[in-house]
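Comments concern the structure below.
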Amino acid sequence: MAAIVFVNPVKDFTLAELREALVGHRKLGKTVYAKYTCQHCGERIRHDVPNSFPDKVTCSRCGGEHDLLKSGGNYLTIQSIPPS
Ligand SMILES: [Zn+2]
10 MAAIVFVNPV KDFTLAELRE ALVGHRKLGK TVYAKYTCQH CGERIRHDVP NSFPDKVTCS
70 RCGGEHDLLK SGGNYLTIQS IPPS
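Under our numbering, the very last position in the sequence shown is 93; numbers go up by exactly one each time.
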């Protein structure tokens, strides 16, 4: 199935704002992935678990525990397109 991926401009939101955005996007049937800049390795990471904005996440690059509550972050949304 085809999909459109939306990535927001580079700007980080607070975790509360991210969770609020998640609720809105889920109502529209979109899948949401958190993005953040890891405090350990400095890489921009996409959180592996969809529709999840926990207080702390494990970096998929370096394995370090990152404090999303402190750093905030951004997200990308994926909307599936039904076959025509
Ligand atoms: Zn890392």
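By construction, the Cβ of each residue, glycine as well, lies at the ideal position given by its N, Cα and C atoms.
The structure displayed is predicted, hence computed values, not measured ones.
If you check the C-beta of Gly-82 against ligand 1, you find no heavy atom less than 7 Å away. Closest by C-alpha distance to Lys-79, out of Cys-71, Ala-25 and Ile-87, is Ala-25. Lys-44 and Asp-21 have their C-alpha atoms spaced approximately 9 Å apart. Short of 6 Å from the beta carbon of Gly-73, and not among the five residues preceding or following it, lie these beta carbons of its own chain, in chain order: His-49. Glu-52 has its CB nearer than 7 Å to a heavy atom of ligand 1.
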